[in-house]
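Written below as structure tokens is the structure these notes are about.
Numbering (this note's numbering), first residue to last: 9 to 208.
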């Protein structure tokens with residue numbers, strides 16, 4: 009089983025990105041995917057939407073992954089692994105979650121083995137400068153943990169802004185690929201899927 013953490017601040021487009029890419033991943037690989045989300049209500053996902061895509065979702069009942077990293081997330085992951093036997097588990101934590109802390113919590117995990125661990129961080133191109141000003145420390149933690157950074161909503165900003173964001177993300181500490189994309193327009197989603205498929 010592989011684990012993909014899709015991180016990013018509230019409003020960055022995590023849910024839309026997941027819904028825009030997951031069917032392509034399934035289509036290309038035939039792999040069984042389960043999504044663990046922090047809270048349906050807070051991120052705008054409901055079970056009916058997920059069922060439409062043929063997905064199984066395990067909601068964390070006791071709040072956010074970033075606040076209850078230890079036994080709650082680990083027991084949820086173990087339950088999902090044992091009940092559904094997925095090839096891939098996608099985790100969508102709260103916006104301020106530190107993806108590295110999520111990966112570190114796997115030391116407490118005793119279920120079926122987790123092979124690859126991938127972190128994709130979604131950055132909102134429209135609100136990037138405000139996020140840097142208000143949340144620079146959590147942003148740095150997310151970017152440094154990322155194997156992939158996706159600059160989302162590029163259809164809503166000028167090309168020059170995207171280049172500036174990419175430079176700032178490198179300055180913050182990104183070492184992996186950076187893909188400018190638009191989950192709603194479909195721009196560069198194939199590149200995102202290519203990365204995730206090759207990583208799994």
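In this text, a Cβ means the ideal position worked out from N, Cα and C, and glycines have one as well.
Item                                                                                           : Value
Helix, strand or coil at residue 132 [DSSP, three-state]                                       : strand
In DSSP terms, what residue 160 is bridged to                                                  : 132
Coarse secondary structure for residue 137, derived from DSSP in three states                  : helix
Simplified DSSP assignment, three categories, for residue 110                                  : helix
Endpoints, the alpha helix (DSSP H) within which residue 193 is located                        : First-last for residue 193: undefined, no H or E at that position.
With 16 other Cβ atoms within 10 Å as the buried cut-off, status of residue 142                : exposed
Alpha helix (DSSP H) segment containing residue 88, residue limits                             : 82 to 92
Sheet register partners of residue 11 (DSSP bridge)                                            : 97, 125
Which residues DSSP lists as bridging residue 41, in chain order                               : 96
Distance, residue 33 Cα to residue 175 Cα                                                      : 29 Å
Which of helix, strand or coil DSSP assigns to residue 186                                     : strand
Residues near residue 86 in its chain [Cβ-Cβ closer than 6 Å; skip 5 each side]                : 119
Cβ pair residue 287, residue 132 closer than 7 Å                                               : Only positions 9 to 208 of the chain appear in the structure, and residue 287 is not among them; the question remains open.
Buried or exposed by the 16-neighbour rule on C-beta atoms within 10 Å, applied to residue 149 : buried
Contact set for residue 185: own chain, Cβ-Cβ below 7 Å, skip 5 residues either direction      : 156, 203
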